[in-house]
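Engineer: As numbered in my numbering, residues 1 to 148 make up the sequence shown, in order. Every residue, glycine too, gets a C-beta built ideally from N, C-alpha and C. Next up is a structure, given as C-alpha cells.
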Amino acid sequence: MSNFFLDCTISLSGGNCESSVVPASGNWTWHCYYSTAIECTILPVNISIYSLMNDVVHPNLAVGHVIGRAVKLSDGPMFLDAYLLMPFPSDPTSSGYEDHLPQAMTAYVWVLRTVMTALEKMPDDKSWSFNPIVLDFVCDSMKYSTVQ
Numbered sequence: 001m002s003n004f005f006l007d008c009t010i011s012l013s014g015g016n017c018e019s020s021v022v023p024a025s026g027n028w029t030w031h032c033y034y035s036t037a038i039e040c041t042i043l044p045v046n047i048s049i050y051s052l053m054n055d056v057v058h059p060n061l062a063v064g065h066v067i068g069r070a071v072k073l074s075d076g077p078m079f080l081d082a083y084l085l086m087p088f089p090s091d092p093t094s095s096g097y098e099d100h101l102p103q104a105m106t107a108y109v110w111v112l113r114t115v116m117t118a119l120e121k122m123p124d125d126k127s128w129s130f131n132p133i134v135l136d137f138v139c140d141s142m143k144y145s146t147v148q
C-alpha cells in the first residue's frame with residue numbers, strides 16, 4: 001500500500017452533504033463534498049470530508065486549508081479524501097475577505113511508498129527523479145495514480 005498526500009490552500013465551491021451506508025457494517029455515514037481547482041496547475045479537484053449529520057456546508061468561494069489522501073486518475077479530476085478542512089474566517093462575499101488570506105497558495109505533495117521505477121538524472125546533472133505509482137483506498141475503492 002502506498003499513500004499520496006496533498007496539503008494546499010484552495011477555494012471551495014458547490015458544497016453539499018450526503019449520507020451513505022457503509023457496506024461492511026450497514027451503518028450510516030455523512031460526508032461533505034466540494035469542487036475546486038488547485039490554482040497553480042488549474043487541476044480540478046473533488047474533495048470529500050467526513051461530516052457530522054447536520055454539519056454546516058462552507059459557502060462558495062470560502063478559502064480553506066486542506067490536507068488529505070489523494071488520487072489522480074488519468075482521465076478525470078483529482079479526488080481528495082480530506083483529513084483536515086479549515087476555512088479562513090469571515091464572509092467570502094465581503095470586499096475585504098481576500099486581504100486576510102495567505103499570499104502563497106502553494107500546494108505540497110507527499111508520496112510514501114517503495115520506489116519501484118528507474119531513477120532518471122535531471123538536466124542539472126545533480127538531481128535524480130522517479131515516477132511513483134500510487135495505490136490507495138480513496139472514495140470507497142482502490143485507486144491507482146502516478147506523480148510526475
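(1) For S19, which option in S11, D124 and N54 has the closest C-alpha, if you only look at C-alpha atoms?
(2) Who pairs with A70 in a beta bridge, going by DSSP?
(3) Ordered along the chain, which non-local residues of its own chain (more than five positions away) have a Cβ less than 8 Å from that of M183?
(4) Would you tell me roughly how many angstroms separate the C-alpha atoms of L61 and P23, rounded to the nearest one?
(5) If you count every other CB in all the chains shown that lies within 10 Å of the CB of L6, and 16 or more means buried, which is it?
(6) By a C-beta neighbour count over all protein chains shown, 10 Å radius and 16 as the cutoff for buried, is Y149 buried or exposed?
(7) Decide if H100 is buried, meaning its Cβ has at least 16 other Cβ atoms within 10 Å, or exposed.
(8) If you count every other CB in all the chains shown that lies within 10 Å of the CB of G68, and 16 or more means buried, which is it?
(9) I'd like to know whether the C-beta of M122 is nearer than 7 Å to at least one C-beta of chain C.
(10) Which partner residues of P102 appear in the DSSP bridge assignment?
(11) Could you tell me how far apart the beta carbons of L80 and V45 are, in whole angstroms, since I believe they sit closer than 8 Å?
(12) Less than 7 Å separating the beta-carbons of L12 and H58?
Structural biologist: Taking the geometry as given:
(1) N54
(2) DSSP lists L80 as the beta-bridge partner residues of A70.
(3) There is no way to answer for residue 183, as the model of the chain reaches only from 1 to 148.
(4) 34 Å
(5) buried
(6) This structure does not reach residue 149, given that the chain is present from 1 up to 148, and the question cannot be answered.
(7) exposed
(8) buried
(9) The structure shown contains no chain C; it is built from a single protein chain.
(10) DSSP, once it has assigned bridges, lists no residue as partnering P102.
(11) 6 Å
(12) Going by C-beta atoms, L12 is nearer than 7 Å to H58.
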